[in-house]
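Asker: Submitted below is the structure of interest, expressed as structure tokens.
There are 2 protein chains.
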Amino acid sequence: MTASAIREILKITQEPSVISFAGGLPAPELFPMEAIKRAFDTVMEKYGPASMQYSTTEGHLPLREWIAGQQGVPADRVQIMTGSQQGLDLLGKVLISEGDVVLVESPTYLGALQSFQPYLPRYVEMPTDEHGIDIDALEALLKTTKAKLLYAVPNFQNPTGRSLSLERRERLVELTNQHGVIVIEDDPYGKLRFTGVELPSLYHIALRNAGGDHDKVNVIYSSSFSKTLVPGLRDAWVQASMPIIQKLIQAKQGADLHTPTLNQMIVAELVEDTLPKQIEIVKKAYGERAKYMLSQIGQHFPEGAHYTVPEGGMFLWITLPESVNTVTLLSEAVKRKVAYVPGSPFFALGGGENTLRLSYSSANPEQIERGMKALGETFAEALSK
Amino acid sequence: MTASAIREILKITQEPSVISFAGGLPAPELFPMEAIKRAFDTVMEKYGPASMQYSTTEGHLPLREWIAGQQGVPADRVQIMTGSQQGLDLLGKVLISEGDVVLVESPTYLGALQSFQPYLPRYVEMPTDEHGIDIDALEALLKTTKAKLLYAVPNFQNPTGRSLSLERRERLVELTNQHGVIVIEDDPYGKLRFTGVELPSLYHIALRNAGGDHDKVNVIYSSSFSKTLVPGLRDAWVQASMPIIQKLIQAKQGADLHTPTLNQMIVAELVEDTLPKQIEIVKKAYGERAKYMLSQIGQHFPEGAHYTVPEGGMFLWITLPESVNTVTLLSEAVKRKVAYVPGSPFFALGGGENTLRLSYSSANPEQIERGMKALGETFAEALSK
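Chains A and B, in that order, give the protein sequences.
Numbering follows UniProt numbering, in which position 61 of the first sequence is assigned residue number 61; successive positions increment by one, without gaps.
Numbering follows UniProt numbering, in which position 385 of the second sequence is assigned residue number 385; successive positions increment by one, without gaps.
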């Protein structure tokens, strides 16, 4: 089961007859299309041909300044990226040499593994539970491995939907700082919390510990407008210490010169008014969809199916008894016109054949009901064998 | 003189008082802004939220099909890229391992060196003259080096403006094929020929030699809409044999998932009507500007300044007597309110301190006259010392 196999599944599940909980697609019916059209008109009027010209590698200054204001960082420490994926790729390029140990959650975001893989890291998995990374286990790993990097999604993780608790955040930052490990904090979903209390980012904990010195922070923060606004414009950013930002600028120049000018200008026009409203709309919708999907698990899934309860984001995670293989089961599910992503590709070192990821973000109640019933039947049949 | 030093110069030359022949910027006053606005409206109406959603890594199918039709290749061998720069980066990523020999023109496109550098190639320079690569020298190099790749810009090369003659194209394709060398043909300017006769691409010569079998072609072709339409949308493509395309798809997934959806859709709306008209407009303007710049060389430059006469594209190349260092001379030029790019960074292995690149694409006659006069004075003073 490779990444390209997943892509093939995603292609199958584009058929309208299949209810797909597989993709991590934001709900398109919520996209603020009218505001985007107005933003385009404003950009045309304000910038004219400059919106279609080459621009700086660092990114559109008004957008960087807005992000800087929101995040409480200097604007020269904000590098615009062509989607979070590019941020991960370039961080891999400037930070990972062959054989470097990279600590990743077990399971972790598949796209990060794909981005880092060309730079030939050695992955070490950090065990996780319902509160995220097991910090005692991490402490032991830091002593036994010469880890260079730690990659984590602290909020509503992809694929599990779990979040790292406050106490663990504090300890993670302290321990990695002690051991000289650079942390990549990937936070595309943080603003999409529909229940529970917002937690500080690893970046801000590290900044506080460093007495407010942005160049002494061992955390690199990555986020995106893909999940809060729209993904198709491919606008994201990385904030980091100056030495890392300087390396990223150079790497980005070689990678695509700069993120498309128009797209950054459109997003910059949307951040003040549209974005906060849009976040409320998305949070409300995803919260309802998650709640409904969870209720359907109770109703349709057989005993022995365990699941996570996300407080935000787009995903939840199912663990079936070990006898079940979710890769082979996928074709059974698709026969019943429902799709998911098998969990095993999210494990850097393999395993997890009895797990799977469900996305509730782009399904309506009728689809959730029908799809979860079909999934429940698929699992029940597998368990009865 | 590093790439980042050039970036700093480009920043200085953004001051309106400086006439810049340094940047490789297309002329913004020629951008088809009204057509772009109409294309945006059409895309909104035709695709709605799908224009803002994630899309396939390979690219927007109507755009790929149009390119395929133009180029006479199957659409599944066309991979959309976020600018040509990304094509070069990903080709470097999938083709270059540490120490692989990459043959490059002397001088060559600086951006290609920047894209390939992270993959640690060993560069070998091919000597060039007024007809491009010296093929006898190439033949000798192919025998003595175990070259893996050859990178070339056959049409109106960046930085020299020179083109590879037909006879040399034929020999280059034959020789590289014999020696099992993969050729990356970078062709952003090919459509911008304002004088002389269009020549077949290396790709099409190789295709003919391979009896029309696209998977037996040892040439990878890269081109872009940046110089013919607008650069700020960052839309380009690579066409190659299926095994290479498959590797590129995987690499691109890790690099940025896909090129922004909206941008590809806008370009797809423009290719039929606007693009051919736009190419005529740009060709005419650049042809006039090149001609005028060349006339000003005759009028203002001191004896001993040699120059290329481009048949298309955006650049010409000046070679001064060896006593002159164009890097140190740049600050003198900027004092006289004119800027260029020193030639040395375009040489993979150093040298060329007495050379420089001029771009005529985005200067008006008055600027060309004033700028070339100031440059002539700068050079004359340097030579009189």
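Beta carbons: idealized from backbone N, C-alpha and C, even for Gly.
#1: CB-CB under 6 Å to P321 (chain B), same chain, minus the five flanking residues each way: which ones, in chain order?
#2: To be precise: take each residue of the segment 30-47 of chain B, compare its Cβ to all Cβ atoms of chain A, and keep it if any distance is under 7 Å. Which residues remain?
#3: Can you find the residues in the same chain that come closer than 8 Å, C-beta to C-beta, to T42 (chain B), ignoring five residues on each side of it along the sequence?
#4: Should Y54 (chain A) be flagged as near chain B, meaning a C-beta pair shorter than 7 Å?
#5: Does the Cβ of S55 (chain A) have 16 or more other Cβ atoms within 10 Å, making it buried, or fewer, making it exposed?
#6: If the cut is a Cβ gap below 7 Å, which residues of chain A does T261 (chain B) touch?
#7: Is the CB of P345 (chain A) under 7 Å away from at least one CB in chain B?
#8: Confirm, please, whether the CB-CB distance from P345 (chain B) to L110 (chain B) is below 7 Å.
#9: Is it buried or exposed, P16 (chain B), if we count other Cβ atoms within 10 angstroms and call 16 or more buried?
#10: Between M293 (chain B) and M242 (chain B), how many whole angstroms is the CB-CB distance? I'm expecting something under 8 Å.
#11: Name the DSSP beta bridge partners of S222 (chain B), please?
#12: Can you give the Cα-Cα distance for L375 (chain A) and K93 (chain B), rounded to whole angstroms?
#13: Distance, Cα to Cα, D100 (chain B) vs L142 (chain B)?
#14: Note down, in chain order, all residues in the segment 117-132 of chain A with a beta-carbon under 8 Å from any beta-carbon belonging to chain B.
#15: List the residues of chain B whose Cβ lies closer than 8 Å to the Cβ of L25 (chain A), in chain order.
#16: Straight-line CA distance for S226 (chain A) to L257 (chain A)?
#17: If you draw a straight line from the alpha carbon of S384 (chain B) to that of L166 (chain B), how long is it in whole angstroms?
#18: State yes or no: is the beta carbon of T82 (chain A) nearer than 7 Å to at least one beta carbon in chain B?
#19: Could you check whether the Cβ of S223 (chain A) sits closer than 7 Å to any Cβ belonging to chain B?
#20: On the DSSP letters alone, give me the boundaries of the alpha helix (DSSP H) that E105 (chain A) sits inside.
#21: Short of 9 Å Cβ to Cβ, which residues in the segment 62-79 of chain B face chain A?
#22: Considering V124 (chain B), what are the terminal residues of the beta strand (DSSP E) in which it resides?
#23: Would you report the Cα separation of A147 (chain B) and F347 (chain B), rounded to the nearest angstrom?
#24: Return the residues of the segment 236-257 of chain B that lie within a Cβ-Cβ distance of less than 9 Å from chain A, sorted by chain order.
#25: Against chain B, does D89 (chain A) count as a neighbour if the rule is that its beta carbon must be under 7 Å from one of theirs?
#26: Counting C-beta neighbours from all protein chains within 10 Å, is the total for V334 (chain A) 16 or more, i.e. buried, or is it exposed?
#27: Closest to G313 (chain A) by CA distance: which of A:V338, A:T355, A:S359 and A:G232 is it?
#28: Is Q299 (chain A) close to chain B? Criterion is C-beta to C-beta, closer than 7 Å.
#29: Among all the DSSP beta bridges, which residues are the ones paired with T355 (chain B)?
#30: Give the DSSP-derived three-state secondary structure of K191 (chain B) in the structure shown.
#31: Name the chain A residues whose beta carbon is nearer than 7 Å to that of Q114 (chain B)?
#32: For the alpha helix (DSSP H) containing A380 (chain A), list its first residue and its last residue.
#33: Should L172 (chain A) go down as buried or exposed, given a rule of 16 or more other Cβ atoms within 10 Å for buried?
#34: When the distance is taken between beta carbons, is A285 (chain B) closer than 7 Å to P310 (chain B)?
Answerer: So, to answer that:
#1: G304
#2: F31, M33, I36, K37, F40 and M44
#3: E269
#4: yes
#5: buried
#6: G232
#7: no
#8: yes
#9: exposed
#10: 43 Å between Cβ atoms; not a contact.
#11: B:D186 and B:V238
#12: 40 Å
#13: 13 Å
#14: Q117 and P118
#15: Q53 and Y54
#16: 21 Å
#17: 41 Å
#18: yes
#19: no
#20: Where E105 (chain A) is concerned, there is no enclosing alpha helix (DSSP H), although the beta strand (DSSP E) it sits in stretches over V101 to S106.
#21: none
#22: R122 to D129
#23: 18 Å
#24: Q246, I249, Q250, A251, Q253, G254, A255, D256 and L257
#25: yes
#26: buried
#27: A:S359
#28: no
#29: B:T319
#30: coil
#31: Q253 and G254
#32: P365 to S384
#33: buried
#34: no
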